[in-house]
Amino acid sequence: MRFAVVQHDIVWEDRTANFARLAPLVARAAGAGAEFVLLSETFSTGFSMTPGIGEPEDGPSAQFLQERAAEHGVWVAGSCPEVAPDGELPYNSFVLAGPDGTVHRYRKLHPFTHGGEHERFRAGEKPVTVEVGGLRVTPFICYDLRFADVFWSAALDTDVYLVTANWPAARRLHWQTLLQARAIENQAYVVGCNRVGTAGDGTEHTGDSRIVSPMGELLATAAGVETVLIADVDAAEVAATRERLQFLADRR
Numbered sequence: 001m002r003f004a005v006v007q008h009d010i011v012w013e014d015r016t017a018n019f020a021r022l023a024p025l026v027a028r029a030a031g032a033g034a035e036f037v038l039l040s041e042t043f044s045t046g047f048s049m050t051p052g053i054g055e056p057e058d059g060p061s062a063q064f065l066q067e068r069a070a071e072h073g074v075w076v077a078g079s080c081p082e083v084a085p086d087g088e089l090p091y092n093s094f095v096l097a098g099p100d101g102t103v104h105r106y107r108k109l110h111p112f113t114h115g116g117e118h119e120r121f122r123a124g125e126k127p128v129t130v131e132v133g134g135l136r137v138t139p140f141i142c143y144d145l146r147f148a149d150v151f152w153s154a155a156l157d158t159d160v161y162l163v164t165a166n167w168p169a170a171r172r173l174h175w176q177t178l179l180q181a182r183a184i185e186n187q188a189y190v191v192g193c194n195r196v197g198t199a200g201d202g203t204e205h206t207g208d209s210r211i212v213s214p215m216g217e218l219l220a221t222a223a224g225v226e227t228v229l230i231a232d233v234d235a236a237e238v239a240a241t242r243e244r245l246q247f248l249a250d251r252r
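Heads up: the sequence shown at position 227 corresponds to 227 in full-length UniProt numbering, and the numbers run straight through without jumps.
1) Could you spell out where the beta strand (DSSP E) holding Asn166 opens and where it closes?
2) Between the segment 111-121 and the segment 81-92, can you find at least three pairs of beta-carbon atoms closer than 8 Å?
3) Note down, one range per segment and in chain order, each alpha helix (DSSP H) of at least 4 residues found wholly within the segment 124-161.
4) Are there three or more Cβ pairs, one per stretch, closer than 8 Å when the segment 62-77 is compared with the segment 31-38?
5) Starting from Gln7, trace the beta strand (DSSP E) both ways and give me its first and last residue.
6) Run through DSSP, which three-state label would Thr42 get?
7) Shortest alpha-carbon distance to Glu125 belongs to which of His110, Ala17 and Arg172?
8) Who pairs with Thr198 in a beta bridge, going by DSSP?
9) Name the DSSP bridge partner or partners of Gly192?
10) Which two residues bound the contiguous alpha helix (DSSP H) that contains Thr16?
11) Go ahead and pull the three-state DSSP assignment for Thr177.
12) Here's a check: name, in chain order, each residue in its chain whose Cβ is nearer than 7 Å to the Cβ of Phe147, leaving out the five neighbours to either side.
13) Just the Cα atoms here: how many angstroms apart are Met215 and Phe247?
14) Please confirm whether Ile211 and Phe3 have their CB atoms less than 8 Å apart.
15) Taking the alpha-carbon positions, what's the Arg242 to Leu96 distance?
16) Below 6 Å CB to CB, which residues in the same chain sit around His72 once its five sequence neighbours on both sides are set aside?
17) Taking 8 Å as the cut-off, decide whether the C-beta atoms of Ala69 and Gly98 are in contact.
18) Can you look up Asp232 in the DSSP assignment and give me helix, strand or coil?
19) Figure out for me which residue from His174, Asp14, Asn186 and Pro24 has the closest Cα to the Cα of Ser61.
20) Name, in chain order, the residues that DSSP records as bridge partners for Asn92.
21) By Cβ distance, which residues of its chain are closer than 6 Å to Ser213, with the 5 residues on each side in sequence left out?
22) Under 7 Å from any heavy atom of the ligand PLP, does the C-beta of Ala188 make it?
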C-alpha cells in the first residue's frame with residue numbers, strides 16, 4: 001500500500017481555512033498514487049486548548065476526512081478535538097475514514113500534562129488496530145510516542161504504526177529518534193506526520209515527518225516546509241523481518 005504524509009501548516013482555530021488549504025494537498029497525494037493519506041494532529045484547529053474548541057463526533061473535521069476519502073477513493077486520517085455524547089471535555093481523537101464510508105476512532109491515551117492537555121482533554125482507554133488493505137494499522141498521537149509499552153502491547157497485531165503530531169521544534173531530536181526506535185524495537189513500519197509553522201500559542205514546529213521501515217531505515221523524510229511524503233509499505237516485509245530476526249519472542 002502506498003502511504004502519503006501531508007506535512008502542513010495550520011491556521012490557528014480556523015477550521016474553514018484549514019479545510020481549504022488541505023483539500024488540494026490530499027488531492028495531490030491521491031494523484032501521486034497514495035492509498036492512505038495522513039494529516040497532522042489537530043489538523044483543523046491547531047493544538048488549541050481554548051474552552052469550547054471541541055466538536056461533536058462526526059462534526060466538521062470528521063466530515064472533511066470522510067468527504068476526501070470518498071472523493072479520492074483513499075483512506076484519510078488525522079486527529080481533532082471531539083466531544084463524546086457521555087462527557088463535556090473532548091478527546092484528542094484520531095479519525096480514520098475509509099473510501100467506503102467506514103470510520104474508525106482512536107482516542108489519545110496520554111494527554112500532554114506538561115502543556116496542560118490533561119485539564120482540557122479526556123484520556124482514551126486503549127490502543128486500536130484497524131485492518132486497511134491487508135495491513136494491520138495502529139494509530140497513536142504525538143505524546144503517545146514517548147511510551148514504548150503501548151507500542152509493544154500492540155506489536156504482534158501491527159504492521160504499521162501511525163503517529164500524528166504537533167511536536168515542538170525544541171524537542172525535534174526526540175521526535176526523530178523515537179520514531180526510528182519504535183520501528184526498530186517492534187519490527188514494524190512507522191509513519192510519522194508532524195506539522196510545520198508557528199502555532200497560535202507561539203510554539204514552533206519543524207516538521208521532520210518521516211516514514212520508517214521495520215529495520216529503522218528512513219524511506220521518506222521531510223524538512224521544515226509544507227510537503228507530501230510518499231512511500232510504499234508491505235505487510236510481507238514486516239513478516240520477513242520478524243522471521244529473519246526473531247526478537248519479539250524474547251520479550252519478558
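Don't be surprised by glycine CBs; every beta carbon is placed ideally from N, CA and C. A quick note: this is a predicted structure, and the numbers were derived from the prediction, not measured.
A quick look at the data gives this:
1) From DSSP, Asn166 is part of no beta strand (DSSP E); its letter is neither H nor E.
2) yes
3) 148-154
4) yes
5) Arg2 to Gln7
6) coil
7) His110
8) Glu204
9) Val163 and Arg210
10) Arg15 to Gly31
11) helix
12) His110
13) 12 Å
14) yes
15) 27 Å
16) Ala30
17) yes
18) strand
19) Asp14
20) Pro81
21) Leu219
22) Absence of the ligand PLP is noted for the structure shown, with no ligands found whatsoever.
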